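Chemist: If you count the sequence shown from 1, position 304 lands on 303 in numbering that gives the first Met the number 0, and the numbers rise without skipping.
Virtual Cβ for every residue (Gly too), placed ideally from N, Cα, C.
Values in this document were obtained by computation on a predicted structure and should not be read as measured data.
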Amino acid sequence: MADETVSKPPAQWTEGESGPLQASVLFMDLVSSSDFASVMGLKDYADYVSAFHDLCVRQTRFFFKTFSKTEHVDYNVELVGDELVVFLHTDSPPNDVYLLICLAVTLKCGWLGSPLNTERLFSGLSSTGLAAGINSGLVWARRTAKGFVKCGFAINAGKRIESVSREGDRYQVFVSDPAFKQINRRIRNLLFGPRRITPMKGVVVPLGVHELAECFMNIGKRLEPELLQGFVRLGRQALQRNTFDLWVHTCWQVYQASVAGDRISDEALSLCEHVLNIDPTNPAALYHAGQGMTERNDVETARLYYEDLTRHWPKFADGWLELARTYRSLGLKEEARRSVLQARRRGIPEEEFAGSTPAS
Numbered sequence: 000m001a002d003e004t005v006s007k008p009p010a011q012w013t014e015g016e017s018g019p020l021q022a023s024v025l026f027m028d029l030v031s032s033s034d035f036a037s038v039m040g041l042k043d044y045a046d047y048v049s050a051f052h053d054l055c056v057r058q059t060r061f062f063f064k065t066f067s068k069t070e071h072v073d074y075n076v077e078l079v080g081d082e083l084v085v086f087l088h089t090d091s092p093p094n095d096v097y098l099l100i101c102l103a104v105t106l107k108c109g110w111l112g113s114p115l116n117t118e119r120l121f122s123g124l125s126s127t128g129l130a131a132g133i134n135s136g137l138v139w140a141r142r143t144a145k146g147f148v149k150c151g152f153a154i155n156a157g158k159r160i161e162s163v164s165r166e167g168d169r170y171q172v173f174v175s176d177p178a179f180k181q182i183n184r185r186i187r188n189l190l191f192g193p194r195r196i197t198p199m200k201g202v203v204v205p206l207g208v209h210e211l212a213e214c215f216m217n218i219g220k221r222l223e224p225e226l227l228q229g230f231v232r233l234g235r236q237a238l239q240r241n242t243f244d245l246w247v248h249t250c251w252q253v254y255q256a257s258v259a260g261d262r263i264s265d266e267a268l269s270l271c272e273h274v275l276n277i278d279p280t281n282p283a284a285l286y287h288a289g290q291g292m293t294e295r296n297d298v299e300t301a302r303l304y305y306e307d308l309t310r311h312w313p314k315f316a317d318g319w320l321e322l323a324r325t326y327r328s329l330g331l332k333e334e335a336r337r338s339v340l341q342a343r344r345r346g347i348p349e350e351e352f353a354g355s356t357p358a359s
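Have a look at this one:
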């Protein structure tokens with residue numbers, strides 16, 4: 000009898016074999032699709048869902064190709080109605096969770112630049128969006144010629160998490176407790192909101208979830224080129240229409256900085272100030288505004304931005320690192336030392352402290 004607590008590496012399975020499999024699952028859905036279905040004609044709604052399917056197929060193939068993942072062994076993609084399901088099961092569960100979060104963000108960016116949203120934005124309307132739920136755990140699987148047939152509570156829970164993710168107020172990407180534990184303190188470019196307990200239909204015990212609050216991933220390396228062009232073309236306009244969809248600002252800001260040689264342009268700095276008028280605690284705006292001020296030799300103002308950043312987001316290691324560098328530039332040795340300690344306890348490697356710690 001198979002041990003139901005031990006998962007074999009997926010590449011070692013033979014056809015017909017069954018047993019427990021460690022898997023991470025992403026459920027992604029069109030927000031308010033039922034509302035659209037109720038007012039659209041059959042053909043228009045079919046085109047709407049078809050555009051979503053096209054996005055999912057193009058982006059998942061491109062995304063996993065960049066990471067050299069093999070379909071049906073490392074991952075598989077399923078599309079049912081207005082919902083996408085992606086299973087990822089490699090030898091590294093923490094990396095699987097991280098990749099699914101990044102995939103969800105790239106899909107949101109790709110959907111923003113879709114023809115439907117282009118039409119809505121140029122008509123003065125807000126764009127439509129996507130919401131996601133991510134879970135990780137053991138499932139029962141059977142190896143077939145086409146991949147793995149899977150079932151288990153981890154899948155059901157992932158679906159329930161997606162169903163409540165649209166209640167989020169930032170990225171609308173919810174990560175379960177088991178998935179969050181896989182990556183917590185491992186990943187520097189993700190920030191999460193506080194844990195919340197959410198009752199879910201069909202789940203006896205309420206599940207703990209964490210909303211993705213910020214993602215500093217560069218979509219330029221992860222988003223299919225044509226979809227990237229659509230996002231860049233519409234990103235600024237979306238911020239004018241979707242005032243509180245500030246995840247758009249972060250993805251645009253990180254990408255623009257990479258294009259500009261890791262520098263903050265005047266346009267990007269102005270956008271940071273605009274976002275901070277809406278949300279004074281926005282981590283991406285505070286971080287990039289601090290960088291912009293440093294590049295313009297206004298270190299005192301940069302210090303204020305980084306102090307706000309670390310006060311509101313104390314788990315953001317790179318905020319402490321930049322604050323330490325700023326303190327050192329100002330000759331504040333003790334403050335720099337304390338900031339270095341904060342960055343170190345949050346996982347910044349020793350070699351990155353060059354220029355941050357004061358000379359003894």
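Leaving out five residues before and five after Val298 in sequence, what residues of the same chain have Cβ atoms less than 8 Å from its Cβ?
Modeler: Closer than 8 Å at the Cβ level, and outside the excluded window around Val298, lie Met292, Thr325, Ser328, Leu329.
Chemist: Give me the Cβ distance between Gly229 and Gly112, rounded to the nearest whole Å; I'm assuming they're in contact under 8 Å.
Modeler: Between Gly112 and Gly229 the Cβ distance is about 2 Å, and since that is below 8 Å, they are a contact.
Chemist: For Phe315, does the count of other Cβ atoms within 10 angstroms reach 16, so buried, or fall short, so exposed?
Modeler: The residue is buried, with at least 16 neighbouring Cβ atoms inside 10 Å.
Chemist: Roughly how far, in whole angstroms, is the beta-carbon of Ala140 from the beta-carbon of Gly18, given that I think they are within contact range, below 8 Å?
Modeler: With a Cβ gap of about 7 Å, Ala140 and Gly18 count as contacting.
Chemist: If you count every other CB in all the chains shown that lies within 10 Å of the CB of Ser31, and 16 or more means buried, which is it?
Modeler: Looking at its Cβ environment, which holds fewer than 16 other Cβ atoms inside 10 Å, Ser31 is exposed.
Chemist: Using the Cα positions of Ile154 and Leu331, report the straight-line distance between them to the nearest angstrom.
Modeler: C-alpha separation (whole angstroms): 51 Å.
Chemist: What would DSSP say about Gln171, mapped onto helix, strand or coil?
Modeler: Of the three classes helix, strand and coil, the one that applies to Gln171 here is coil, per DSSP.
Chemist: For a test of the three-state rule: what should DSSP assign to Leu303, helix, strand or coil?
Modeler: Helix.
Chemist: With 16 other CB atoms within 10 Å as the buried threshold, where does Ala45 fall?
Modeler: Under this definition Ala45 is an exposed residue.
Chemist: Using a Cβ distance threshold of 8 Å, determine whether the region 54-73 contacts the region 165-172, with at least three qualifying pairs required.
Modeler: No, they do not touch.
Chemist: Starting from Pro93, follow the alpha helix (DSSP H) in both directions and report where the run begins and ends.
Modeler: Its alpha helix (DSSP H) spans residues 92-111.
Chemist: Under the DSSP definition of a beta bridge, which residues are partnered with Pro19?
Modeler: Answer is Trp139, bridged to Pro19.
Chemist: Grab me the residues of Thr197's own chain with a C-beta within less than 7 Å of its C-beta, minus the 5 sequence neighbours each way, in chain order.
Modeler: Taken in chain order, the residues that qualify are Val163, Pro205, Leu206, Val208.
Chemist: Look at the alpha carbon of Ala22 and the alpha carbon of Leu227, and state the distance between them as a whole number of angstroms.
Modeler: Between Ala22 and Leu227, the C-alpha separation is close to 29 Å.
Chemist: Using only the alpha-carbon positions, how far apart do Pro128 and Glu334 sit?
Modeler: Rather than Pro, the amino acid found at residue 128 in this sequence is Gly. Rounded to whole angstroms, Gly128 to Glu334 spans 43 Å at the Cα level.
Chemist: Mind reading off the beta-carbon distance from Phe179 to Gly132? Whole number of angstroms is fine, and I expect it under 8 Å.
Modeler: Going by Cβ atoms, the distance from Phe179 to Gly132 rounds to 12 Å, so no, they are not a contact pair.
Chemist: Measuring only the C-alpha atoms, how far is Pro313 from Phe215?
Modeler: Roughly 16 Å between the two C-alpha positions.
Chemist: Note the first and the last residue of the continuous beta strand (DSSP E) segment covering Arg165.
Modeler: From DSSP, Arg165 is part of no beta strand (DSSP E); its letter is neither H nor E.
Chemist: Tell me whether Glu118 sits in a helix, a strand or coil according to DSSP, three-state version.
Modeler: Note: Glu118 maps to helix in three-state DSSP.
Chemist: Run through the DSSP bridge pairs and tell me what Leu29 is partnered with.
Modeler: BP columns for Leu29 point to Leu129.
Chemist: Within the chosen definition, does the region 301-308 reach the region 274-290 through at least 3 CB pairs nearer than 8 Å?
Modeler: Touching, yes, given that three or more Cβ pairs across the two stretches are closer than 8 Å.
Chemist: In chain order, what residues of the same chain have a beta carbon less than 8 Å from the beta carbon of Asn116, not counting five sequence neighbours either side?
Modeler: Around Asn116: Trp110, Ser126, Thr127, Leu233, Ala237.
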